[in-house]
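Numbering (our numbering), first residue to last: 69 to 293.
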């Protein structure tokens, strides 16, 4: 299956970014803003497909979040700004998933057990973080609800999307939840070993997985990237 040069560059730069987080963290600040534009370009080069603009919007606001969070060490305002950008990105993903679901017929039963696990996980995570959030309680709780809704929508899509695409989208959404969980735990609960590396490797896989699934590279009927 053909792969665009932009996507190849994204994968290459992702590898370099992850290595830099381990051996030269200062360099990661320069590679991070370049990652999502390459993925956006890859989606654009895929040509027109249903609801492409929602995917592009999700990636764009994710990129805004990436850039703003580079300055989070300067104050909580930057962290909140990044939080808002990613919240909008997740809302775009929810709309994207719901719209693509509407284009397919249901092929199986809803995996209710996955929704139950997600609910228990989100409640457990928020309960763990709540005593440490202070003035950020409401923003973080709202964000937790939204990312939970994004994951729940992806799980719902499992019963509608082609199997190959569904696997990539659900795995990507799950990786997003893990990445944001690690970020929150590292910031509010306790410092985690090599946190930036694990936050970014799950985040980059999340974006790649969702893009691959939505554009049909998971083996379904969508467009090639």
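From the three backbone atoms N, C-alpha and C, an ideal C-beta is built for every residue, glycine too.
Please read all numbers here as calculations on a predicted model, not as lab measurements.
Since residue i is in the alpha helix (DSSP H), which residue starts that stretch and which ends it?
i: residue 90; result: 73-91
i: residue 173; result: Neither: residue 173 is in no alpha helix (DSSP H) and is coded neither H nor E.
i: residue 275; result: 263-282
Residue i: buried (16+ other C-beta within 10 angstroms of its C-beta) or exposed?
i: residue 73; result: exposed
i: residue 276; result: buried
i: residue 231; result: exposed
i: residue 91; result: exposed
i: residue 258; result: exposed
i: residue 108; result: buried
i: residue 100; result: buried
i: residue 115; result: exposed
i: residue 206; result: exposed
i: residue 222; result: buried
i: residue 94; result: exposed
i: residue 195; result: exposed
i: residue 123; result: buried
i: residue 165; result: buried
i: residue 288; result: Bear in mind that a pLDDT of 46 at residue 288, under 50, signals an unreliable position, so the number given afterwards is only what the model happens to contain. Burial call: buried.
If distances are taken between C-alpha atoms only, which option among the options comes closest to residue i?
i: residue 271; options: 256, 156, 281, 239; result: 239
i: residue 255; options: 77, 87, 144; result: 144
i: residue 136; options: 96, 149, 82; result: 149
i: residue 209; options: 227, 82, 93, 151; result: 151
i: residue 246; options: 189, 132, 153, 111; result: 189
i: residue 139; options: 170, 98, 115, 114; result: 98
i: residue 191; options: 216, 113, 172, 205; result: 216
i: residue 278; options: 253, 235, 146; result: 235
i: residue 102; options: 225, 94, 82, 114; result: 82
i: residue 113; options: 76, 131, 174; result: 76
i: residue 233; options: 155, 164, 282, 124; result: 282
i: residue 227; options: 202, 155, 183; result: 183
Can we count residue i as close to the ligand ZN, meaning its CB is less than 7 Å from some heavy atom?
i: residue 82; result: Absent from the structure shown: the ligand ZN. Ligands present: none.
Taking only beta-carbon atoms, is residue i less than 8 Å away from chain C?
i: residue 208; result: Among the protein chains of the structure shown there is no chain C, as only one such chain exists.
Check your understanding: Enumerated in chain order, which unbroken segments of the alpha helix (DSSP H) with a length of 4 residues or greater are wholly contained in the stretch 119-195?
Key -> You should have 120-137, 144-169.
Review point. What alpha helix (DSSP H) runs, 4 residues minimum, are completely inside the stretch 217-256?
Key: 231-252
**Study point:** the stretch 110-120 touching the stretch 147-161, judged by at least three CB pairs closer than 8 Å
**Key:** no
Practice item. Report yes or no: do three or more beta-carbon pairs, one from the stretch 77-92 and one from the stretch 255-266, lie closer than 8 Å? Key: yes
Check your understanding: Do the stretch 210-217 and the stretch 170-183 make contact, defined as three or more Cβ pairs closer than 8 Å?
Key -> no
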